[in-house]
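Worksheet: the structure to be examined is printed underneath.
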Amino acid sequence: MSYYWGKKEELSKKSNAFHEGQEVSFILKKEIRTGKIEALRVNSAVISVKALRTQKEKSERTVVSYDKLMSVYE
Numbered sequence: 001m002s003y004y005w006g007k008k009e010e011l012s013k014k015s016n017a018f019h020e021g022q023e024v025s026f027i028l029k030k031e032i033r034t035g036k037i038e039a040l041r042v043n044s045a046v047i048s049v050k051a052l053r054t055q056k057e058k059s060e061r062t063v064v065s066y067d068k069l070m071s072v073y074e
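Take the sequence shown: its position 14, counting from 1, is numbered 14 in our numbering, and each next residue is one higher.
Here it is as structure tokens:
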């Protein structure tokens with residue numbers, strides 16, 4: 001269950017494959033990136049993006065549709 005603008009909303013069935021804190025990969029700006037799920041929304045997840053080695057350390061977040069997420073297993 002998720003709260004959006006103070007309203008209680010049900011998560012989609014696609015969200016069942018993911019959970020908060022899970023590491024996932026996705027395409028961002030034509031590059032494959034990895035990050036951790038911070039929050040689950042109705043049709044998407046808020047992701048904390050890991051910095052690339054070529055970038056300075058900075059905090060970056062993005063919203064990605066469940067259809068475009070892949071679980072990372074190590």
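Each residue gets a CB set at the ideal place from its N, CA and C atoms; glycine is no exception.
Note that the structure is predicted; figures quoted are calculated from it, not measured.
Once the 5 residues before and after residue i are set aside, which same chain residues still bring their CB inside 7 Å of it?
i	result
valine 64	Phe26, Ser44, Ala45 and Ile47
asparagine 16	none
serine 117	Nothing can be reported for residue 117: it is not among the residues displayed for the chain, which extend from 1 to 74.
Under 7 Å between the Cβ atoms of residue i and residue j?
i	j	result
lysine 14	glycine 35	no
leucine 11	leucine 40	yes
glutamate 31	valine 72	no
Looking at the unbroken beta strand (DSSP E) that takes in residue i, where does it start and where does it end?
i	result
glycine 21	Glycine 21 -> no beta strand (DSSP E), and no H or E assigned at all.
serine 12	Element bounds for serine 12: n/a, residue is neither H nor E.
serine 65	60-65
Can you find the residues in the same chain that come closer than 8 Å, C-beta to C-beta, to residue i, ignoring five residues on each side of it along the sequence?
i	result
glycine 21	Lys36 and Ile37
phenylalanine 18	Val24, Ile37, Leu40, Ala45, Tyr66, Leu69 and Ser71
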